[in-house]
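Since the structure comes first, as structure tokens, the remarks are kept for the end.
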Amino acid sequence: MKKFLFFLTAFLITSFILLWILPVMGDFERDPGIESPMAFMALESENFPHYSIEAIYSQGKIYGEEEIVYTNITGQTLKHLFFMLPASAAAPGGEIKVYSVFVNDYPVEWEAKNTYLVVYLPLELNPYEKCRVSISFDTMVPQGPYRLGRWNGTSMLTCWYPAVPINWDVVVPSSFGEPYSFLSATYELKISVDPSLMVLSGLNKLNCSFDGSRKVYTFSSDKPIRDASLVVGNFNIKNHKVGSKNIIYAYKTYDYNIIKYTIDSFKTFQKWFGEYPYQKLVLVDVPLKGFRGMEYGGILFFSTIKRPDPFTVVHEVAHQWWYGLVGNDQDKESWIDEGLANYSALLYIEERMGKKEYLSRIKSLESRAMGVNEPKELDLSHYTSSSHYHLNAYVRGALFWHDVRVKLGERKKLIHILGGIQHSFIHGHITWGEIKNILEKENIFI
Ligand SMILES: [Zn+2]
């Protein structure tokens with residue numbers, strides 16, 4: 012018996028050392044036979060990922076320490092976790108380098124490649140169990156008018172930290188579209204910058220103070236939000252109150268149309284799709300090439316290089332509902348949020364300019380769609396070109412909803428269905444299959 016107890020104790024100690032103590036650092040090579048969990052369960056409020064990030068932004072680099080409290084919502088027992096390293100997918104020259112990973116304070120094996128990080132868990136994580144993943148990283152912010160870039164004194168810091176994606180798939184960087192997607196999460200963020208600069212974020216600002224020669228901002232989000240994107244630079248600020256919400260316009264040159272169409276469409280979308288749950292929506296002028304506007308959690312970018320027209324402004328505001336509040340895998344099913352944002356903007360045009368204008372725009376989309384009103388269901392990297400992607404995500408993505416409305420026979424019914432999707436999937440994400448199931452219940456078969 013004594014012998015047995017001795018061996019049992021020795022076995023337990025050895026297992027503990029092997030599983031928890033052995034530090035294995037660096038670029039761990041392993042056959043990437045990474046199994047992706049089949050499906051994610053609906054998120055309960057306490058099960059959203061929670062990020063605590065401390066970062067220093069200096070001379071084109073972000074030095075970050077991140078802690079993610081991760082809950083296993085996959086419905087399966089997990090032996091590894093999959094994180095996205097979205098910087099290289101978002102901008103040419105963008106890169107996240109991982110230096111160390113700890114799970115519950117123990118060093119673990121990990122493998123980082125271009126767009127992803129796999130963390131091998133020392134102990135299996137059962138459904139609904141939590142673990143704390145600490146990651147040291149730094150992020151190259153390339154010089155250029157990019158979504159992750161710095162140009163003319165303004166830095167656009169998006170896709171800059173290791174993040175929990177919607178699906179555990181390796182994303183191939185693409186020169187068009189948004190080859191990334193994130194689970195909504197709660198955040199605590201502390202970032203220090205040069206004292207002459209301002210930091211803007213869709214998260215709630217808690218404090219701004221000076222620490223020696225640095226300016227330190229702290230942000231948090233009590234409600235889950237899609238991402239923690241930042242803009243660093245100097246701006247004029249004007250606040251517009253819309254009910255209890257603040258529309259904060261951080262501008263270089265005040266554009267009356269941006270604020271006018273943002274406020275009016277924001278009110279309209281709240282009426283149709285449900286209340287915007289955050290305290291503020293930030294609009295910011297940035298030097299962005301290739302896009303007139305870009306959507307992030309609680310913050311919209313408007314390009315100073317190619318100014319947005321009113322339709323683009325409304326399209327970006329709609330993304331706060333279709334991307335921000337109800338997400339989707341933008342790499343695998345890019346037409347969901349783009350189609351819905353475009354169609355919401357068309358509904359808004361109809362509301363303000365009448366049915367004739369709406370129908371004339373539908374007609375022009377139909378002439379571009381070449382007789383096919385349903386998007387070709389391809390991964391971003393499988394579209395042959397930017398225009399092929401645009402045709403499917405934006406044009407056919409919007410026409411799909413026009414056809415649904417024709418089949419329903421009533422505009423009001425369609426708005427009601429879209430409001431219902433918002434209500435059921437808020438802070439979560441939706442698939443094309445789920446959308447088709449919802450429509451089948453209304454006797455709409457596509
Ligand atoms: Zn869009």
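Using this note's numbering, read the sequence shown as starting at 12 and increasing by one per residue.
For glycine and all other residues, C-beta sits at the position ideal for the given N, C-alpha and C.
Just so we're clear, the structure is a prediction, and the values are computed from it rather than from any experiment.
Inter-stretch contact at 8 Å, needing at least 3 Cβ pairs: the stretch 259–269 / the stretch 283–297: Under the three-pair Cβ rule at 8 Å, the stretch 259–269 counts as touching the stretch 283–297.
Straight-line gap, L419 to L450 (C-alpha atoms, nearest Å): In this structure, the CA atom of L419 is about 10 Å from the CA atom of L450.
Beta-carbon spacing of K256, L292 below 9 Å: Contact check for K256 against L292 passes: the beta carbons are separated by less than 9 Å.
Cβ shell of T323 (< 6 Å), same chain only, five flanking positions each side left out: The answer, listed in chain order, is R303 and G304.
Residue interval of the beta strand (DSSP E) (run including V175): Per DSSP, V175 belongs to no beta strand (DSSP E) and is neither H nor E.
With 16 other Cβ atoms within 10 Å as the buried cut-off, status of K456: Correcting the residue type first, residue 456 is Phe in the shown sequence and not Lys. F456 counts as exposed, since fewer than 16 other beta carbons sit within 10 angstroms of its beta carbon.
Closest by C-alpha distance to S192, when choosing among C170, S207 and Q290: Closest option to S192, Cα to Cα, is C170.
G37 in three-state terms, based on DSSP: Caution is warranted here: a pLDDT of 30 is assigned to G37, below 50, making its placement in the model unreliable, and the coordinate value is therefore given only provisionally. The answer is coil: DSSP assigns G37 none of H, G, I, E or B.
Simplified DSSP state of M364, which is helix, strand or coil: In the structure shown, M364 adopts helical secondary structure according to DSSP, grouped into three states.
Residue range of the unbroken alpha helix (DSSP H) whose run includes D414: Per DSSP, D414 belongs to the alpha helix (DSSP H) from G408 to L419.
Delimiting residues of the alpha helix (DSSP H) encompassing S276: Here the alpha helix (DSSP H) through S276 covers Y267 to F284.
Beta-carbon contacts of Y157 that lie in its chain and below 6 Å, excluding the five residues immediately before and after: If you ignore the 5 residues before and after Y157, its C-beta comes within less than 6 Å of the C-beta of A102, all in its own chain and listed in chain order.
Sequence-distant residues of its chain with Cβ nearer than 7 Å to G444 (five each side left out): Nothing meets the Cβ criterion.
Distance, E344 Cα to V181 Cα: Cα to Cα, the separation comes out at about 14 Å.
Distance between Y139 and N58 (C-alpha atoms, nearest Å): Within the model, the alpha-carbon separation for N58 versus Y139 is close to 8 Å.
Chain-order list of residues whose beta-carbon lies under 7 Å from that of F17 (same chain, five-residue window excluded): With a pLDDT of only 48 at F17, under the threshold of 50, the placement of this residue in the model should not be trusted, and no figure is reported.
Contact shell at 6 Å, judged by CB to any heavy atom of ligand 1, ordered along the chain: Matched residues: H326, H330, E349 and A352.
Y369 to Y354 span [Cα, whole Å]: In a straight line, the C-alpha of Y369 is about 10 Å away from that of Y354.
Bridge partner(s) assigned by DSSP for Y127: Its beta-bridge partners are M95.
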